[in-house]
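All remarks here apply to the structure that follows.
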Amino acid sequence: MKTGIMLLAAGNSSRLGKPKQLLVFEGNTLLEKTIAVAEQTSFAPIVLVLGAYADDILASINELNINYIINDNWQDGISASIKVGLKKMINLEPEIENVIIAVADQPFVTADIFNSLHGQQLKTGKNIIASSYAETIGTPALFNTQYFDELILLEGGSGAKHLMTKHINDVATIQFTLGNIDIDTETDYKNLTEPQ
Numbered sequence: 018m019k020t021g022i023m024l025l026a027a028g029n030s031s032r033l034g035k036p037k038q039l040l041v042f043e044g045n046t047l048l049e050k051t052i053a054v055a056e057q058t059s060f061a062p063i064v065l066v067l068g069a070y071a072d073d074i075l076a077s078i079n080e081l082n083i084n085y086i087i088n089d090n091w092q093d094g095i096s097a098s099i100k101v102g103l104k105k106m107i108n109l110e111p112e113i114e115n116v117i118i119a120v121a122d123q124p125f126v127t128a129d130i131f132n133s134l135h136g137q138q139l140k141t142g143k144n145i146i147a148s149s150y151a152e153t154i155g156t157p158a159l160f161n162t163q164y165f166d167e168l169i170l171l172e173g174g175s176g177a178k179h180l181m182t183k184h185i186n187d188v189a190t191i192q193f194t195l196g197n198i199d200i201d202t203e204t205d206y207k208n209l210t211e212p213q
C-alpha cells in the first residue's frame, strides 16, 4: 500500500513565543529530527506543511530535499494544514492509499513508530491507526484513503483526532510511550533539555 507522511509544522507556537519547530534537541532542531525520522522509512512522499515562520524554517532546512507546502491560512487551525497537506500529497502521488499525519514537536518519535502504524494496519485491517499514550490516542496516526474526504472537510481547530473518535470502531492503536511529551511552553522545553 502506498503510504505517505505529512509533517505538520505550521503553528505559531503562541504559548512559546518563538518557532518550536526550530528548538534544538540532541543536536538538531525538532523539525530536522522529525524529517530525518520520516526519511528513515520507505514511505513516500513526505510532505511538510508550513505556515507561521515559514521563511525562517525554510532557511533552516534549505539543504534538505523535501516536498513542502505553505498553508497561508494557518491561523484557521490544524484542519487547514491537514487539508493543504493532503491535497499536496494526492497531487504528488495520486495513487496514495494511506497518509501518516505527524507533528513536529514530539521529540521522541522514531521510524519504528511510523513503521508500526503501517504494520498494525496490515495486521488488523483497520483504516485508522493511532498512537496511544497517557491514556489517550493521537499523532502520529495513519488514515486510509477512505477517510481522505473527511480529513479535507475538517474545520478550525478540529484535528484528525475528531475522526478517530467518530470512527472508533475502525481504529487500532500502537503504543508510543513518550508520545505525550511535546513542546508548548518554555517550561516544557527546559524539562526536555535540562537534567532533572
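At position 144 of the sequence shown (counting the first as 1) the number is 161 in my numbering, and the numbers step up by one without a gap.
Each residue gets a CB set at the ideal place from its N, CA and C atoms; glycine is no exception.
Residue i burial status per 10 Å Cβ neighbour count (16 or more: buried)
| i | result |
| --- | --- |
| E112 | exposed |
| D122 | buried |
| A151 | exposed |
| M181 | buried |
| T58 | buried |
| I194 | According to the sequence provided, residue 194 is Thr. The question's Ile does not apply to it. Result: exposed. |
| G136 | exposed |
| L171 | buried |
| K183 | exposed |
| M18 | exposed |
Inter-residue Cα distance where the pair is residue i and residue j
| i | j | result |
| --- | --- | --- |
| T20 | K50 | 20 angstroms |
| K140 | V188 | 12 angstroms |
| L168 | A76 | 30 angstroms |
| G28 | V101 | 14 angstroms |
| A97 | A177 | 11 angstroms |
| D72 | N186 | 41 angstroms |
| L39 | G68 | 13 angstroms |
| Q192 | D93 | 30 angstroms |
| A26 | P36 | 9 angstroms |
| F60 | I22 | 7 angstroms |
Any non-hydrogen atom of the ligand ADP closer than 7 angstroms to residue i Cβ
| i | result |
| --- | --- |
| I113 | The model on display carries no ligand, and the ligand ADP is accordingly not part of it. |
Where the beta strand (DSSP E) through residue i begins and ends
| i | result |
| --- | --- |
| T194 | Run containing T194: none; DSSP gives neither H nor E here. |
DSSP three-state assignment for residue i, whether helix, strand or coil
| i | result |
| --- | --- |
| G28 | coil |
| G68 | strand |
| I117 | strand |
| I1 | Residue numbering for the chain in the displayed model covers 18 to 213; residue 1 lies beyond these limits and cannot be assessed. |
| L40 | coil |
| A61 | coil |
| A219 | Summary: the structure shown does not reach residue 219, with the chain confined to residues 18 through 213, and so no result is reported for it. |
The alpha helix (DSSP H) enclosing residue i, as first and last residue numbers
| i | result |
| --- | --- |
| I107 | I95 to L109 |
| I169 | F165 to L170 |
| I83 | It is not in any alpha helix (DSSP H) - I83 carries neither H nor E in the DSSP assignment. |
| M18 | Segment: none, M18 is in no alpha helix (DSSP H) and carries neither H nor E. |
| E49 | L47 to E56 |
So within the region 128-155, which uninterrupted beta strand (DSSP E) runs reach at least 3 residues, ignoring any that extend past its ends?
145-150
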